[in-house]
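Protein chains in written order, with this note's numbering: chain A, 1 to 347; chain B, 348 to 694.
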C-alpha cells in the first residue's frame, strides 16, 4: 500500500493506489464488488482535510458506491455474481443493540463501521472507500440496485439520497404536508425530489432566485427567496417540515419563523455549533429543531425501491478519477448540478 | 382605579385595588367568578418587573385561578351559579384560526388574550388577573373543577399543571417511556407527578441530591444528580423524553447527551436565547430540541379530569394577600415547595 494517488495533492498523504489496494480475503458472509461508479460527497473532502479531527491517513474516500458482484462468500444467500449492488456510508455495526435490531444501524449504540476511515470490527484493518476498483462488504450491509435505476445516477442515493429520504419518511411527510427544502445542492436537490414524490407541497428556500428556478425543474411547487424579507414575512408560520440542507454554520432563526404549529426544522447538513436562537420560537407552538444522519440499511433499500418505482435518480456530472481534485474545488464553490460521480472505468 | 396595592412595592405602579377593581358588565357569554384561590407563577413577577418588555401598568397579576360562579350571562349553558370553576392563562382568542379550531387556543394564530396584561378583544380594556376578588371571563375559556380536587391545591394546575401535562401528552409519554424531568420547582414537581401517572419511568434530574430525595416522595423512580459526572455518563443516551423546566438560561448540552435515539428535549421554562450546542447531538439519532407553552382549553379540562381521576394536585404553601411581596422574594430563591397559592379570603 503506497500513499500516492490522484487525490493526494489535495489531501496530503491521504491516498492509496485505488487499483492495487488490498481488500480482505472473502469471509463467509462477504460480497466482493467491482465498483462501477462512486459519488463525490462533501464528507470525502472534510475527511481528506481532517476537518473533523478524526482522519486516519492514508485513506480512500467514497461512500456512494454502485457496482456488480464479483464473488460471494460461502454463506451469502441474497446475492450472486453479476448482481447490481450498492454500498452506502455504513459497512458494519454491532448487530445486537436496540438500534441495530430496529434496522437503524446508522445509529448503532456502539458506533458504526464507516465505509472509509474506520476499522474493521474483526481484524482491525482500515476500511477503504469507493474511490477504488473494488470493495468487500458483509452481506447485511449490501444493497440491491433495482434494474430500473441508472447505475451512475443511483450512486448519490447512497448518501445524499438516504440522508434526505430518512427524515422525510420518519417525520411522516406526505400528502397535506407543506415542506420547505432549504439549500439546493447534492442533498437539497434530492430533498425536493423525495418530498414531491411523497406527495407533499414543496417549496425551495434559497438565497438565489436562479436556484429557485432550477428547483422548479426538479419538482418544487414554489420558491421562497430567503433574502426577500416581504416574502419571508408572508411565509411566516406556514411550514410543517423544513429540511435544512445547508452544509455550513448558519443562523436558523429566519427558518424557525417559517415553522407552523408543531412544525420541525430538521438539520442534515450543518455539523457544527448551533448559533443562538430565541427559545420562544419553539415554545410558541410546540415546534422543534431536530437532526438526522443518513439512514438504516432497510430504509436505504426502501429508498432505492421507491426511486425505482417513482423514476427518481440524482442529477449528476460524471468525471474521470484524475479530475477529482478539480471536482473537489468546484464542489466547494457549489459549482455542480448536483453531484459529481466518478466513472471507475477511468481508473 | 387607583394604582396602590399590596404588591406595588415590588412592581412600581403595577397594582390596582383588588377589591374595588372594575370588572366588565356581563355579556351574554360571560361567567362572573368569585375568586377563592390564585396560584403565584414566576411569570407574574416577570411581568411585574417588565422583564419581557411588554408590561402595561397598572396591572393585576395571576393566571392560576380557582373560584365559584357568581353570575352567568344569558347565553351561558355549561355553568350555573355556585359551580366550581377555574381560569388559566388564556381568556380569549380569535376562535376561527386553525389553532383555535384544533382546540389549541394557546397557539392562536392572531395571538391569545392573556388573563392579565392584555386587551379585551371587544372593547380594548385591559385584562386583569387573579390576585383579585373576582373575574369575568367568556364561557369557552372557563374550566370545570372536578369535585374530587381540593380547590386551593388545584389552582397551580392552571399554569404549572398544563404547561407540563401538554408536552407529556403530545409527545405520547406513557408506559415504556423513560422520562427525565429537569429541575424541581413549580413546573418540575407537576412534571414528575404527571409523567408517573401517565405510566412512564421517571427520573428527577437535579443539581441537588436533597431535591432528588424530595422528588422520590412525589413519585420519581430515580434521581440523577447532574453534577455527578459518572452518573451522567452512565445515563448517556437513555431517555426518550426530557422535560426541561429550568426557568433561567442554561446550557442544554449535558441533557442532550442523555437523549436516546429519537428522543426529545422539551423546554418549558427557559424563555431566553438558547446557548450553543453541537448539532451532532441531534444528527446522531434523529433527536430534537423542542418547546411547549401551556395548553389549549380542552386539554386543560382533560388535565383537570385526569388529576381528579388520579388524585393529583399541586403541593402548595398558602399565603395571605399581604404576604405576596415576601412570597415573590422566596420564589426567586426557589424557597417554596412547590407553589404559593393566595387565599383570597385574606383580601
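The beta carbon of each residue, even a glycine, is placed where N, CA and C say it ideally should be. Since the model is a prediction, treat every value here as computed from it, not as a measurement.
For residue 195 of chain A and residue 344 of chain A, believed in contact at Cβ under 8 Å, the rounded distance
Taking the first chain and counting its residues from 1, one reaches residue 344 of chain A at position 344. Taking the first chain and counting its residues from 1, one reaches residue 195 of chain A at position 195. Actually they do not touch by this definition, with Cβ atoms about 31 Å apart.
Can you tell me whether residue 106 of chain A is buried or exposed? The criterion is at least 16 other CB atoms within 10 Å of its CB, across all chains shown.
Here residue 106 of chain A refers to the residue found at position 106 of the first chain. With 16 or more other Cβ atoms within 10 Å, it is buried.
With 16 other Cβ atoms within 10 Å as the buried cut-off, status of residue 349 of chain B
Locating residue 349 of chain B in the second chain gives position 2, counting from the first residue. Caution applies to residue 349 of chain B, whose pLDDT of 31 falls short of 50 and renders its modelled position unreliable; the value that the coordinates give is listed next. So residue 349 of chain B ends up on the exposed side.
Residue interval of the alpha helix (DSSP H) (run including residue 330 of chain A)
Locating residue 330 of chain A in the first chain gives position 330, counting from the first residue. First-last of the alpha helix (DSSP H) with residue 330 of chain A: 324 to 332.
Please list, in chain order, the residues of the stretch 630 to 645 of chain B that have any C-beta partner in chain A closer than 8 Å.
Contact residues of the stretch 630 to 645 of chain B toward chain A are 630, 631, 632, 633, 634, 635, 636, 637, 638, 639 and 640 (C-beta to C-beta distance below 8 Å).
I want to verify the contact list: residues of chain A whose CB lies under 9 Å from the CB of residue 614 of chain B, in sequence order.
Within the second chain, residue 614 of chain B is the residue found at index 267, counting from 1. Residues of chain A passing the Cβ test: 279, 282 and 283.
Are residue 493 of chain B and residue 645 of chain B touching if we call contact CB-CB under 8 Å?
As a first step, residue 493 of chain B must be located in the second chain, where it is residue number 146. As a first step, residue 645 of chain B must be located in the second chain, where it is residue number 298. For residue 493 of chain B and residue 645 of chain B, no; Cβs fall outside 8 Å.
Leaving out five residues before and five after residue 634 of chain B in sequence, what residues of the same chain have Cβ atoms less than 6 Å from its Cβ?
Here residue 634 of chain B is taken as the residue at index 287 of the second chain, counted from 1. Cβ neighbours of residue 634 of chain B beyond the five flanking positions: 606 and 610.
Report the rounded CA-to-CA distance for residue 168 of chain A versus residue 197 of chain A, giving the unit in angstroms.
Numbered from its first residue, the first chain carries residue 168 of chain A at position 168. Numbered from its first residue, the first chain carries residue 197 of chain A at position 197. Distance between the alpha carbons of residue 168 of chain A and residue 197 of chain A is about 11 Å.
Exposed unless 16 or more other CB atoms sit within 10 angstroms - verdict on residue 328 of chain A:
If you number the first chain from 1, residue 328 of chain A lands on position 328. Classification for residue 328 of chain A: buried.
Taking residue 289 of chain A as part of the beta strand (DSSP E), name the residues at either end of that continuous run.
As a working mapping, residue 289 of chain A is identified with position 289 in the first chain. Here the beta strand (DSSP E) through residue 289 of chain A covers 288 to 291.
For residue 60 of chain A, tell me which candidate among A:243, A:340 and A:324 has the shortest Cα-Cα distance.
Sequence index remark: in the first chain, residue 60 of chain A carries index 60 (1-based). Checked all of A:243, A:340 and A:324; the closest Cα to residue 60 of chain A is A:324.
Any idea if residue 54 of chain A is buried or exposed, counting beta-carbon neighbours within 10 angstroms, 16 or more meaning buried?
For this step, residue 54 of chain A is matched to residue 54 along the first chain. Label assigned to residue 54 of chain A: exposed.
Verify whether the separation of the beta carbon atoms of residue 435 of chain B and residue 661 of chain B is less than 8 Å.
For this step, residue 435 of chain B is matched to residue 88 along the second chain. For this step, residue 661 of chain B is matched to residue 314 along the second chain. Contact flag unset, no.
Does residue 594 of chain B come within less than 8 Å of chain A when only Cβ atoms are used?
Position 247 of the second chain holds residue 594 of chain B. So no, residue 594 of chain B is outside the interface.
Of all the CB atoms in chain A, is at least one closer than 8 Å to the CB of residue 608 of chain B?
Residue mapping note: residue 608 of chain B aligns to position 261 of the second chain, counting from 1. Output row for residue 608 of chain B: interface = yes.
Identify each residue in the stretch 495 to 520 of chain B for which the Cβ-Cβ distance to at least one residue of chain A is less than 9 Å, and report them in chain order.
513, 514, 517 and 518
Residues that residue 68 of chain A bridges to, as DSSP identifies them:
Counted from its first residue, the first chain places residue 68 of chain A at position 68. Residue 68 of chain A is bridged to A:34 and A:84.
Minimum Cβ-Cβ distance from residue 276 of chain A to chain B less than 8 Å
Translated into the one-based positions of the first chain, residue 276 of chain A becomes position 276. It does: the Cβ of residue 276 of chain A has a partner Cβ on chain B nearer than 8 Å.
Any beta-carbon of chain A closer than 8 Å to the one on residue 543 of chain B?
Working through the second chain from its first residue, we reach residue 543 of chain B at position 196. Not closer than 8 Å to any Cβ of chain A, the Cβ of residue 543 of chain B fails to qualify, so no.
C-alpha gap between residue 318 of chain A and residue 224 of chain A, whole angstroms
Counted from its first residue, the first chain places residue 318 of chain A at position 318. Counted from its first residue, the first chain places residue 224 of chain A at position 224. Cα to Cα, residue 318 of chain A sits roughly 30 Å from residue 224 of chain A.
Members of the stretch 85 to 99 of chain A that neighbour chain B once the beta carbon cut-off is set at 8 Å:
Cβ contacts with chain B: 98 and 99.
Between the C-alpha atoms of residue 652 of chain B and residue 590 of chain B, what's the straight-line distance to the nearest angstrom?
For the purposes of this step, residue 652 of chain B is identified with residue 305 of the second chain, where counting begins at 1. For the purposes of this step, residue 590 of chain B is identified with residue 243 of the second chain, where counting begins at 1. Between residue 652 of chain B and residue 590 of chain B, the C-alpha separation is close to 22 Å.
Can you tell which of A:246, A:281 and A:303 has the C-alpha that lies nearest to the C-alpha of residue 626 of chain B?
Position 279 of the second chain, counted from the start, is the residue given in the question as residue 626 of chain B. Nearest C-alpha to residue 626 of chain B: A:246.
Please report the straight-line C-alpha distance between residue 499 of chain B and residue 377 of chain B, rounded to a whole angstrom.
Taking the first residue of the second chain as position 1, residue 499 of chain B is located at position 152. Taking the first residue of the second chain as position 1, residue 377 of chain B is located at position 30. Approximately 23 Å, taken between the alpha carbons.
Could you pull the start and end residues of the alpha helix (DSSP H) that residue 164 of chain A belongs to?
Indexing the first chain from 1 puts residue 164 of chain A at position 164. Residue 164 of chain A -> alpha helix (DSSP H) spans 160 to 170.
Three-pair Cβ contact test at 8 Å for the stretch 115 to 124 of chain A versus the stretch 71 to 79 of chain A
Output reads no: the stretch 71 to 79 of chain A does not touch the stretch 115 to 124 of chain A.
Quick one: residues in its chain with C-beta nearer than 8 Å to the C-beta of residue 540 of chain B, no 5 flanking neighbours on either side, listed in chain order?
The residue labelled residue 540 of chain B in the question sits at position 193 within the second chain. These residues qualify, in order along the chain: 565, 566 and 659.
Within the 8 Å Cβ cut-off, does residue 619 of chain B reach chain A?
In the second chain, residue 619 of chain B corresponds to position 272, counting from 1. By this cut-off, residue 619 of chain B is an interface position.
Note the first and the last residue of the continuous alpha helix (DSSP H) segment covering residue 393 of chain B.
As a working note, residue 393 of chain B is residue 46 in the second chain. 389 to 395 is the span of the alpha helix (DSSP H), which, as asked, contains residue 393 of chain B.
Compare the beta carbon distance of residue 125 of chain A and residue 620 of chain B with 8 Å and say whether it is the shorter of the two.
In the first chain, counting from the first residue as 1, residue 125 of chain A sits at position 125. In the second chain, counting from the first residue as 1, residue 620 of chain B sits at position 273. Contact flag unset, no.
Listing by chain order, which chain A residues have their CB less than 8 Å from the CB of residue 454 of chain B?
Working through the second chain from its first residue, we reach residue 454 of chain B at position 107. Those are 261, 284, 285 and 286, listed as they occur along chain A.
Does the distance from the CB of residue 221 of chain A to the CB of residue 177 of chain A come in under 8 Å?
Indexing the first chain from 1 puts residue 221 of chain A at position 221. Indexing the first chain from 1 puts residue 177 of chain A at position 177. In this structure, residue 177 of chain A does not lie closer than 8 Å to residue 221 of chain A by Cβ.
Can you tell which of A:338, A:337 and A:330 has its C-alpha closest to the C-alpha of residue 45 of chain A?
Taking the first residue of the first chain as 1, we reach residue 45 of chain A at position 45. Nearest option by C-alpha distance: A:330.
Using the beta-carbon of each residue, which ones in chain B are nearer than 9 Å to residue 233 of chain A?
Here residue 233 of chain A is taken as the residue at index 233 of the first chain, counted from 1. Those within 9 Å of residue 233 of chain A in chain B number zero; the least Cβ separation is about 14 Å.
At least one CB of chain E closer than 8 Å to the CB of residue 679 of chain B: is that the case?
Absence of chain E from the displayed structure is noted, the protein chains being A and B.
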